[in-house]
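Quick note: the sequence shown uses my numbering, first residue 9, plus one each step.
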Amino acid sequence: MTHEFKNIIYEAIKAKAKGLKSILASVVDLDGSSYRRPGVRMLILENDVMIGAVSGGCVEKEVLLQAQSVFKTGVSKMMTYDGRYRLGCEGILYILLEEVNISEEFQTSFFSCLKQRKTFGVISTYHKKEGAFDGIGSKVNIGNDSFSISHSSDENINALVFRQNMPPCFKLMIIGAEHDAVQLCKYASLTGWEVTIVAGVSEAKSIDDFPGALKLIATTPEHLDVTLIDDQTAIVLMTHNFAYDLRHLVALKDTYPNYIGMLGPTKRREDLLSQFIEYCPEISDEFLERIHGPAGLNIGSETPQEIAISIVSEILAVSRKRNPMALSRKSGSIHSKH
């Protein structure tokens, strides 16, 4: 959810620059089941523009309506939405509405935190009942600093607390710059991931060739900067060149990304890993277990677009520690941890 929160903060800053107030709506509690879990947020601007969503689309109009009183008073309020009879989700949402009022100090600290790929926390105080209340609202903890999101006064000691740790934005590093890399970049970006393209120094490519990419790096494997590769990073090797893929794998040997995907058939993967182990005989089993090849889930993909979907799906399954299956065959809650 970090990328959604980042976008909300960015849009709130843009609205403020235009002289528009904005309201942050956060789902802080839930009785029963719903389309999404607590921690999802959306932003409502004074001109009725809505950024993001807290459901599949049925709740948002009510949130817009309820936000109007907060625009007028500036006082944070709670609203509830009973979806048992309207959505069929058998749940009651508890939504905190607060006027956004973020400082320059917060902006500097927040975007620095994102750039350095550090975890931050969002803490919301609330009540499980409707109405406007003093002392409810959200704050963001970055390191030892705490920043209020709204005009909220001192915290209400009788309020409930919703806490959420926000890891770095999930990042996909695509090593390769051919047509299939463009398709993977598009779908990964739509998923909300930060996408970095790594191209060869002799390739006549620019970031404009990769819609949705955050940046493009033209470099050799030996000079690839791997310092910001962490457990919120996935990597896909798709240079279509055996030697280049091998050199990049060697460059990655001391990193621990969430996922490393390889294109090509099983025989190519076996040959690549065999030579890699010869170059790096001390490589850990933990690193090797992160390698997936051929990359992607077996969903019958044939076109570059379909292959991109299968790779994105496998990365999601690995990062969320899920064994892919049809939801129709799953018992219990869709969002359950097991």
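All C-beta atoms in this analysis are idealised placements derived from N, C-alpha and C, irrespective of residue type, glycine included.
If the criterion is Cβ atoms closer than 8 Å, does the pair residue i and residue j meet it?
i       : j       : result
Phe-155 : Phe-114 : yes
Ala-303 : Glu-278 : no
Leu-350 : Ala-259 : As shown, the chain starts at 9 and ends at 346. That puts residue 350 outside it, with no answer to give.
Gly-64  : Tyr-43  : yes
Val-108 : Ile-31  : yes
Cys-177 : Leu-122 : yes
Thr-247 : Leu-222 : no
Gln-172 : Gln-313 : no
Ala-33  : Val-62  : yes
Ser-146 : Glu-106 : yes
Val-169 : Tyr-102 : no
Leu-28  : Asn-55  : yes
Please confirm whether any heavy atom of the ligand PLP lies closer than 7 Å to the CB of residue i.
i       : result
Lys-223 : Ligands displayed in this structure: none; no statement on the ligand PLP is therefore possible.
Could you tell me which residues DSSP pairs with residue i in its beta bridges?
i       : result
Gly-129 : Asn-149, Asn-173
His-300 : Gly-269
Ser-49  : In the sequence as presented, Ser is not what sits at residue 49; that position holds Arg. Answer is Ser-34, bridged to Arg-49.
Lys-7   : Residue 7 lies beyond the stretch modelled for the chain, which goes from 9 to 346, so this question has no answer here.
Phe-178 : Beta-bridge pairing links Phe-178 to no other residue.
Apart from the five residues just before and just after residue i, which ones in its own chain have a Cβ nearer than 8 Å to its Cβ?
i       : result
Pro-175 : Thr-10, Thr-127, Gln-240
Ile-100 : Leu-38, Asp-39, Gly-40, Thr-88, Tyr-89, Asp-90, Gly-91, Arg-92
Ile-291 : Lys-261, Phe-284, Ile-285
Looking only at its chain, what residues have a beta carbon closer than 6 Å to the beta carbon of residue i, apart from the 5 residues adjacent to it on each side?
i       : result
Leu-236 : Arg-125
Val-67  : Tyr-89
What did DSSP end up calling residue i once you bin it into helix, strand or coil?
i       : result
Ser-120 : helix
Phe-218 : coil
Ile-144 : coil
Val-57  : coil
Ser-42  : coil
Ala-242 : strand
Ser-327 : helix
Ser-1   : In the structure as shown, the chain starts at 9 and stops at 346, and residue 1 therefore has no counterpart that could be examined.
Glu-310 : coil
Is residue i close to chain C? Criterion is C-beta to C-beta, closer than 8 Å.
i      : result
Ser-41 : Protein chain content of the structure displayed is limited to a single chain, and chain C is not contained in it.
Cβ contact check for the segment 74–93 and the segment 124–144: 3 or more pairs under 8 Å
yes
Okay, do the segment 194–201 and the segment 223–238 touch, 3+ Cβ pairs below 8 Å being the bar?
no
Below 8 Å, how does it come out for the segment 276–286 and the segment 317–332: are there three or more Cβ pairs, yes or no?
no
Cβ contact check for the segment 147–154 and the segment 34–53: 3 or more pairs under 8 Å
no
Would you check if there are 3 or more beta carbon pairs closer than 8 Å linking the segment 286–301 to the segment 256–275?
yes
Between the segment 182–197 and the segment 324–338, do at least 3 Cβ pairs fall closer than 8 Å?
no
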